[in-house]
Structure formats: structure tokens, C-alpha cells
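J.: Once you've had a glance at the structure underneath, I'll fire off some questions.
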Amino acid sequence: MIQSSSTSTDISSAPKTPLFHSSTQYRNWRFSAEQLHATRTALNKAAVAAIRATFESDSPGSSSDIHFLDAREEHLLVKLYITKISQLCGHFHFPEEVEATGITYLKRFYLKNTVMDWHPKNVMLTALFLATKTTNHPISLESYTANIPRTNPSDVLDLEFLVAQSLAFEFAVWHAHRALWGMWLDLQDLPQSPPHEELQKIYDTALQHIRTSRLTDVELVYPPSQIALACLSLAHPNITAYWARTKNADVALEAVESIKRMITQDGDVPSVDVVREIDRRLKICKNPEKVVGSKAYLAKRAREEKEAELKRMKKAENVRKAAEQGNPFGEELAERSNLDDDD
Amino acid sequence: MDAVEKANAERQKRWVKDQKVGEGTYAVVYRGRELTTGRKIAIKKIKVGQFKDGLDMSAVREVKYLRELHHPNVIELLDVFSSKTNLNLVLEFLDTDLEMIIKDRSLVFLPADIKSWMAMTFRGLEFCHRNFVLHRDLKPNNLLIASDGQLKLADFGLARDVADPGYKMTCQVITRWYRPPELLFGCRYYSSAVDIWSVGCIFAELMLRTPYLPGESDMDQLKTIFRALGTPTEEEWPGHSKLPDYVSVGQFPRTPLRDLFTAASADTLNLLSKCIIYEPRRRISAREALNHSYFFALPYPTHPSKLPKTAAQTAASSRPLDEVDGNVDLSGSGPGVKAAPPKKLKRKLSGHDLSRNIARKLDFTAT
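As you go down the protein sequences, you meet chains Y and V in turn. First residue of the first sequence: 1, per the working numbering; consecutive thereafter. First residue of the second sequence: 1001, per the working numbering; consecutive thereafter.
And the structure:
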């Protein structure tokens, strides 16, 4: 049901379709549970193959006894770093919006990358820093990193572009806690709503469920309104049913059952011992091309340098030719296939 | 190469930069085209590496909102790709902007033309506001005009979502002449009404052909506004004297808009006056404006394709005709060529000219 009709929206009918349906989140960041699994498995396989090849080219036979991470283990590591974002946000007193957005960015990043290439620690820091900017709560990089132990501005800055790119520069995120807020406002307005204190308690409990849901994949599968409804239902099924009746949304109640299951099943914080073991193995199997100073890293840099050098020489050659032809401005711009990006 | 880098390289290949057309403090703009179709585009290359806080806020804002907003009256972001430490925004190519048109003294605006531009502005703005996005930098210069005459809201570098209740927003937004009085008084909790004030100023400028409220400093801006519209009373705008940066800049009497806008219809002045009401909560919304009787009264808005064009635009769009004319001129000797004058184009052009008594000359010297 969720996956259907995600085709591009027709502008002329825009007023009739809900705003959410024209969002990048609706169009590009919703998947089925199977799709998520397939994506992560494929990413993991490709990374293992590439890293194995790098090891082998360095010294043949060296990859045979390496125990690479599998997709599940990668996911577990990312999950632990989701909890770190929440801790940091508490420390900085960032609004809920920043926290939720940072977490979404982290999850989306690892649908395009693997932890063996990019360790979640710095990606997490970068995702959160980017989220402060995209949600209009910017702080200076200096005061950001100064408050995080063993972190330099460059740790964040070096990855910012990669993170933004992995997100396809789609920064706007629709969150379940906003939807819940709306439902809470609605509830206060209903004729048979319980007294305010009780409602407040229900809201607080539901919000806790939303926070738990951030540890799971639900936001990559379901729209925020349904997640909010599921969390409200976890907090107080009766009042949720009442709300749904007044909105003629009884149908939605059935749909949220699977969300509730996902939240209760996957909402646990991974055991630190298990993750520590994964992290220990990651030190050995991470992509050497991304480890500053390693042989493979230097080799890759040398390759890139050579390419850049060739490009510069070609450019210099063009300029020289043009000068010889007596036209210091070179040939007609339009005839050139491409303007270079560093001019 | 990583999958992400690969995808980026693929995207980059779709677009070709042809010529640098402008350079600002944080971006360079190129004219270009789509490789496969030849469609004209603009590439805004944002330098990223130079900021100590990384990706610059205005770049973040612009990308964030243009990625989400798709509307005929909002500039379209076709693609985003990166090259080294540069961020490249691929935008639809637009010929000119409303400021150039206003300043082009050879153009005469009919009331129907102004109505058309206003309708398109309000449509684009209503769409933004419906999405809870404040533009916060509306001015003629940021209203771009496509070759088919469509007006598009551009430059979302100052845009943001409407803040949650209780969260402050900065009042240092909107170019001074188009900035509403509540922002000049340092109001940190405001609404979509700030954009409406700007549209009101643009509306007036279209009629006057010169900026309506050109203050020389923030303080002078208030004075300029009050001189034109009278100093607000506590009754007109309850609570304004308690705003953070409130200052008294003197008492000015209210003069009727009619005194300045002598040729405007009653509908026109009614809509204008509702855009520049002091009390932000009483100012008209974009949606209400679109339903205002001004847009339903005669004369009906000019079709976008028939709107006044600058000389440069006309030259650009009539280039094919120019070539045909050349053929026709040479054709004195051969009847075969003479037999095919571009009748359709000619009729269209002359009809166009007839409807406007002042000829907008084809001035090729400008190009």
C-alpha cells in the first residue's frame, strides 16, 4: 500500500494532492523492508569485494583470514551511533527537530555507503552538524567540536560534502513527532477528551515511543503520520481509536499494527559488548584506501594526483596553443565541450 | 570509486557549462545546456571550501527549498551535483527579471500587464506559504521572467520554514526598501505577512516605475514608510510600540493612496492597501489576494506571452525571424524565396504592436 502510487506528481493538480506527496521524502526515501534489506546486503557485498581486492593487490593472500562485517553487523553499529546523536543533542540542548533530522541523515547515509568505508562516528558528527544548519539552528563549527571530546573541526568538515551528496542534497525531512504534536492539539479539542493532565501524560508516553521508533527503520518505510498514530496507539489505544473515528481514519488503525510491532521488536538499544566486538573487527576490515597514511591510501592519492596533473597539462597545452594562434582568449567558448570546474 | 561519487559523475555529465554570465560573493553563474536535449539552463556554482563553518547557510536554504518546491511560478531546480569543493545548482534558464523590465524606459505597462505579473507573483507565493515557507527576500530583482513570460520566484537563500510557536526568527531579512515595519521594529515572531508587504511594495513599484519606499537607512526606512502611509496609531496596530527596537520617528499624517496613484482603479488600490496594512495579522494573505476582486475585474490579466519584453528578450526570441528577414531581403531576384515570407510570425508581431501604441523597438545594438 505504501509503495504504490509514488509516481511523480502533476503540478497542475498540486493543490489536490497532500503536500507530503510532492516531497523528496515521499518520492525518494521510502522503501519496503525487503528493499532495505536488499540494499544493505548489496552495499555490504560490494564493499567486501572491493576491500578484499585492495588487500590482495597490496599483498596477495592477505585477505583470506579477515573476518569482514556482514550487513546485519554494519546496521547494528549504525544503530548504536543513533543513540549517540540523542546523547549529543541532550548535551547541546538542541531541539527535537535537530535530533530527528540528524538521525534521519545518518540512516539515509548508510543506504548509500558502508561503515567499512566511512566509520559512523565521524559521519554521525557530520550528519548532526548538517542537521543544525538545515533546520535553522546553526552553531559555529568551533563551538560544536570544542564540546565533543577528541574531535577537530576537520573531522566534521571533511565529511560534510560527502554526507550532503549521499543525501542527494535533499535536506527537508518530515518527522513523526510533528505529526504527533498535531494529533495532540486535535485531542485537546475533542468534546470527550480526558482532562489535560491525563492527555499530557499520554502525549509524553507517545513521544517516548516516537523516540524509540527512531532506532528502527519505520521512518524509511512508513509516512510520519502513520508512525505518530502507531505511537499514540502504543500509549493509549482507546483514545487513538476515538481520534481516528473523528477523522474517519479507522482504516489507518489496522495499518499501524505492523508499525507498532516494528517499534516494539527493533526499538532496543544494541548491547555495547556486541557492538564493541564489531567495532574491533572493523578496525581490521575497513577500507585501507580511506585510512590516512596507509599504503593503499597513498596509492589512491598518487593516482588522483596523476590524473589532476594530466588535466592541468592538457589545459596548459590548450592555453599555449591558443597563444600561438594569436588569440589569448582561446577558441570560441561554445565550441568547447566543457568548462573546467576549477576555472 | 564510491557509488555516491559515481552517481554524481553521471549527473555532472548531463550538463554543459557554456559561458560565465555573472559572479557574486558566494557563487558564479554560468549559462549552459542539457547535453542530450540542448535545453538552455543556468548553473549556479557555489564555492563551498572557503567557509570555516562548511556548507554556507544560504546554499543550504536554497537547495533545501528548491528541492521540495515545484510550481510554475517558482524557479525550478533541475539537478544538483558537486565538483571538488563546489556545489553546482542546475536551474532553469530565465531571460530577465522584473527589475530590468521596470527600469526599461522604452516599455509601457498597461494595467492588465501589472495584473498579470501580480497574479503570477501571488500564485508562486501562495504555493510557498501553503508549504509553510517564508521567502524573506522578495523584490523585483528576485522575480525572474522566462522566455514565455512566466514569472518565477527565485533566490531562496534567505528562505525558512515558519518557526514553531515560541521560537524566534531573525529580523535581519528582506532588502530594506521591501522590508515591513514589524521587522524594522525588531519583531522576532512574524509570519508570511512579511512577504506580503514586499509584494505590496513591488505592486506599487510596477505602477510608479520607481521604488515606492526607498529609505536610505533602516531608520530612514521607517520615516519613509510613515511619510507615505501615516504614522501608525496604537489603534491601527496594537502593541507595535512595545516591539524590541521600537523608536518614535515623528508624526506624519495619513495621505490617501489615491493622491499618489492617480490612475489606479478602485480595486487596484484596495488590494494594494491590504498588502501594506501595518498590523501584520490584518494584512491580506496570498490566498485571499488571489481571490480579490482586482483579479476578476476588467481588464483581465495579460497573457504571459504578451507581456512587455526588454529589448534583449525581444532580440533573443526573434532571432529566427531575423534570419528569415535576411532571406526575404535578398530575395528580390528570386520569386521562389519571396513566396515564403513568415506570414504567421509577421501577423503575430504586428498584432502585438497594434495592441500597444508605443513601439517596443527591436534594438539589436544592445546585444
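Don't be surprised by glycine CBs; every beta carbon is placed ideally from N, CA and C. Only a predicted model underlies this, so the values are computations on that prediction, with no experimental measurement involved.
1) Tell me which residue opens and which closes the beta strand (DSSP E) that V1016 of chain V is part of.
2) Do you know whose CA, among Y:E254, Y:M183 and Y:Y110, lies nearest H37 of chain Y's CA?
3) Between A164 of chain Y and chain V, is there a C-beta pair that is closer than 8 Å?
4) Over what stretch of residues does the alpha helix (DSSP H) that includes K1047 of chain V continue unbroken?
5) Give the DSSP-derived three-state secondary structure of E1068 of chain V in the structure shown.
6) On a CA-only basis, which of V:K1309, V:Q1313 and V:L1272 is nearest S1293 of chain V? Give me that one, please.
7) To which residues of the same chain is L1290 of chain V closer than 8 Å at the C-beta, ignoring the five residues directly before and after it?
8) Ignoring anything shorter than 4 residues, give me the alpha helix (DSSP H) runs that lie fully in the region 1154–1192 of chain V, in order along the chain.
9) Quick one: grab the DSSP three-state call for A1297 of chain V.
10) Taking the runs of the alpha helix (DSSP H) that are 4 residues or longer, which of them lie wholly in the region 1241–1313 of chain V?
11) Locate the beta strand (DSSP E) running through L1091 of chain V, then write down its first and last residues.
12) So which of V:D1097, V:A1007 and V:T1037 has the shortest CA-CA distance to L1307 of chain V?
13) Checking the sheet assignment: what are the DSSP bridge partners for T1096 of chain V?
14) Could you have a look at G1124 of chain V and say whether DSSP puts it in helix, strand or coil?
15) Indicate the three-state DSSP secondary structure (helix, strand or coil) for Y297 of chain Y in the structure shown.
16) Is the CB of R1319 of chain V under 8 Å away from at least one CB in chain Y?
17) Rounded to the nearest angstrom, what separates Y1065 of chain V and A168 of chain Y at their Cα positions?
18) Grouping DSSP H, G and I as helix and E and B as strand, with all else coil, what is K112 of chain Y?
19) Would you please state the rounded distance, in angstroms, between the beta carbons of V98 of chain Y and T135 of chain Y? I believe it to be under 8 Å.
20) Show which residues of chain V have a CB atom less than 7 Å away from the CB atom of A172 of chain Y.
21) Buried or exposed for T101 of chain Y, going by 16 or more other Cβ atoms inside 10 Å?
22) Which residues does DSSP pair with K1152 of chain V in a beta bridge?
23) Mind pulling the chain V residues with CB within less than 9 Å of S140 of chain Y?
24) Going along the chain, which residues of its own chain have a beta-carbon closer than 8 Å to the beta-carbon of E1236 of chain V, five neighbours each way excluded?
25) Based on Cα-Cα distance, which residue from V:P1180, V:S1147, V:M1207 and V:L1206 lies nearest to S1198 of chain V?
26) Figure out for me which residue from Y:N238, Y:S57 and Y:S86 has the closest Cα to the Cα of A127 of chain Y.
27) Any idea if M1219 of chain V is buried or exposed, counting beta-carbon neighbours within 10 angstroms, 16 or more meaning buried?
28) Would you mind reading off the limits of the alpha helix (DSSP H) that contains L190 of chain Y?
29) Would you say P1342 of chain V reaches chain Y, if we count a Cβ-Cβ gap shorter than 8 Å as a contact?
30) Please state if the CB of L234 of chain Y and the CB of K260 of chain Y are separated by a distance shorter than 8 Å.
31) In the DSSP assignment, what residue or residues form a beta bridge with S1082 of chain V?
32) Leaving out the 5 sequence neighbours to the left and right, which residues in its chain are closer than 8 Å to R1356 of chain V when beta-carbon positions are compared?
33) Across which residues does DSSP place G1032 of chain V in a beta bridge pair?
34) For K321 of chain Y, is the classification buried or exposed, using 16 other Cβ atoms within 10 angstroms of its Cβ as the cut-off for buried?
35) Alpha carbon to alpha carbon, how far is D117 of chain Y from T39 of chain Y?
36) Are F20 of chain Y and T1085 of chain V closer than 8 Å when you measure CB to CB?
T.: According to the structure shown:
1) The residue given as residue 1016 of chain V occupies position 16 in the second sequence. For V1016 of chain V, the uninterrupted beta strand (DSSP E) segment begins and ends at W1015 to E1023.
2) Position 37 of the first sequence, counted from the first residue, corresponds to residue 37 of chain Y. Taking H37 of chain Y as reference, the option from Y:E254, Y:M183 and Y:Y110 with the minimal CA-CA separation is Y:Y110.
3) In the first sequence, the residue the question calls residue 164 of chain Y occupies position 164. Yes, A164 of chain Y lies at the interface with chain V (some Cβ there is under 8 Å from its Cβ).
4) Position 47 of the second sequence, counting from 1, holds the residue named residue 1047 of chain V. No alpha helix (DSSP H) contains K1047 of chain V, which is instead part of the beta strand (DSSP E) from K1040 to K1047.
5) Working through the second sequence from its first residue, we reach residue 1068 of chain V at position 68. Looking at E1068 of chain V - three-state DSSP - the assignment turns out to be helix.
6) Mapped onto the second sequence, residue 1293 of chain V falls at position 293. Ranking V:K1309, V:Q1313 and V:L1272 by CA distance to the CA of S1293 of chain V puts V:L1272 first.
7) To locate residue 1290 of chain V, count along the second sequence from 1; it is residue 290. Around L1290 of chain V: A1119, F1122, R1123 and E1126.
8) DSSP runs (the alpha helix (DSSP H)) wholly in the region 1154–1192 of chain V: 1181–1184.
9) For this step, residue 1297 of chain V is matched to residue 297 along the second sequence. DSSP, reduced to helix, strand and coil, places A1297 of chain V outside both helices and strands of the structure shown, so it counts as coil.
10) The region 1241–1313 of chain V contains these whole alpha helix (DSSP H) runs: 1257–1260, 1266–1275 and 1286–1290.
11) Residue 1091 of chain V sits at position 91 when you count from the first residue of the second sequence. Note, L1091 of chain V: beta strand (DSSP E), N1086 to E1092.
12) The residue given as residue 1307 of chain V occupies position 307 in the second sequence. For the residues V:D1097, V:A1007 and V:T1037, the minimum Cα distance to L1307 of chain V belongs to V:D1097.
13) Translated into positions along the second sequence, residue 1096 of chain V becomes position 96. By DSSP's assignment, T1096 of chain V forms a beta bridge with V:I1145.
14) Sequence index remark: in the second sequence, residue 1124 of chain V carries index 124 (1-based). Helix at G1124 of chain V.
15) Your numbering for residue 297 of chain Y matches position 297 in the first sequence. In the structure shown, Y297 of chain Y sits in a helix (DSSP, three-state: H, G or I).
16) Numbered from its first residue, the second sequence carries residue 1319 of chain V at position 319. Bear in mind that a pLDDT of 48 at R1319 of chain V, under 50, signals an unreliable position, so the number given afterwards is only what the model happens to contain. It does not: the Cβ of R1319 of chain V has no partner Cβ on chain Y nearer than 8 Å.
17) On the second sequence, residue 1065 of chain V is found 65 positions in, with the first residue counted as 1. On the first sequence, residue 168 of chain Y is found 168 positions in, with the first residue counted as 1. Taking the Cα positions, Y1065 of chain V is about 13 Å away from A168 of chain Y.
18) Position 112 of the first sequence holds residue 112 of chain Y. Residue state, collapsed to three classes: coil.
19) Translated into positions along the first sequence, residue 98 of chain Y becomes position 98. Translated into positions along the first sequence, residue 135 of chain Y becomes position 135. So it is a contact: roughly 5 Å between Cβ atoms.
20) Here residue 172 of chain Y is taken as the residue at index 172 of the first sequence, counted from 1. Those within 7 Å of A172 of chain Y in chain V are K1064, R1067 and E1068.
21) Taking the first residue of the first sequence as 1, we reach residue 101 of chain Y at position 101. Classification for T101 of chain Y: buried.
22) Translated into positions along the second sequence, residue 1152 of chain V becomes position 152. Per DSSP, the beta bridge partners of K1152 of chain V are V:L1144.
23) Residue mapping note: residue 140 of chain Y aligns to position 140 of the first sequence, counting from 1. Result: K1052 and D1053.
24) Position 236 of the second sequence, counted from the first residue, corresponds to residue 1236 of chain V. Within the same chain, E1236 of chain V has close Cβ partners Y1278 and E1279.
25) Counting from one through the second sequence, the residue named residue 1198 of chain V turns up at place 198. Among V:P1180, V:S1147, V:M1207 and V:L1206, the Cα nearest to that of S1198 of chain V belongs to V:P1180.
26) Walking along the first sequence from the start, residue 127 of chain Y turns up at place 127. For the residues Y:N238, Y:S57 and Y:S86, the minimum Cα distance to A127 of chain Y belongs to Y:S86.
27) The residue given as residue 1219 of chain V occupies position 219 in the second sequence. By the 10 Å Cβ count, M1219 of chain V comes out exposed.
28) For the purposes of this step, residue 190 of chain Y is identified with residue 190 of the first sequence, where counting begins at 1. Careful: L190 of chain Y lies outside any alpha helix (DSSP H) and carries neither H nor E.
29) Position 342 of the second sequence holds residue 1342 of chain V. Residue placement at P1342 of chain V is flagged as unreliable, the pLDDT there being 37, under the threshold of 50; a coordinate-derived value is accordingly withheld.
30) On the first sequence, position 260 is the one that residue 260 of chain Y refers to. On the first sequence, position 234 is the one that residue 234 of chain Y refers to. Yes; because the gap between Cβ atoms is below 8 Å, this pair is in contact.
31) On the second sequence, position 82 is the one that residue 1082 of chain V refers to. According to DSSP, S1082 of chain V bridges with V:L1087.
32) By one-based count along the second sequence, residue 1356 of chain V stands at place 356. Any reading at R1356 of chain V needs caution, since the residue's pLDDT is 40, under 50, leaving its predicted position unreliable; the model's value is listed next. For R1356 of chain V, where only same-chain residues beyond five positions count, the Cβ hits under 8 Å are V1108, L1110 and P1308.
33) What you label residue 1032 of chain V is simply residue 32 of the second sequence in a count that begins at 1. V:K1017 and V:I1041, per the DSSP bridge assignment.
34) Within the first sequence, residue 321 of chain Y is the residue found at index 321, counting from 1. Looking at its Cβ environment, which holds fewer than 16 other Cβ atoms inside 10 Å, K321 of chain Y is exposed.
35) One-based indexing of the first sequence puts residue 117 of chain Y at position 117. One-based indexing of the first sequence puts residue 39 of chain Y at position 39. Distance between the alpha carbons of D117 of chain Y and T39 of chain Y: 16 Å.
36) For the purposes of this step, residue 20 of chain Y is taken as residue 20 along the first sequence, with counting starting at 1. For the purposes of this step, residue 1085 of chain V is taken as residue 85 along the second sequence, with counting starting at 1. Against a cut-off of 8 Å, the Cβ pair of T1085 of chain V and F20 of chain Y comes out as no contact.
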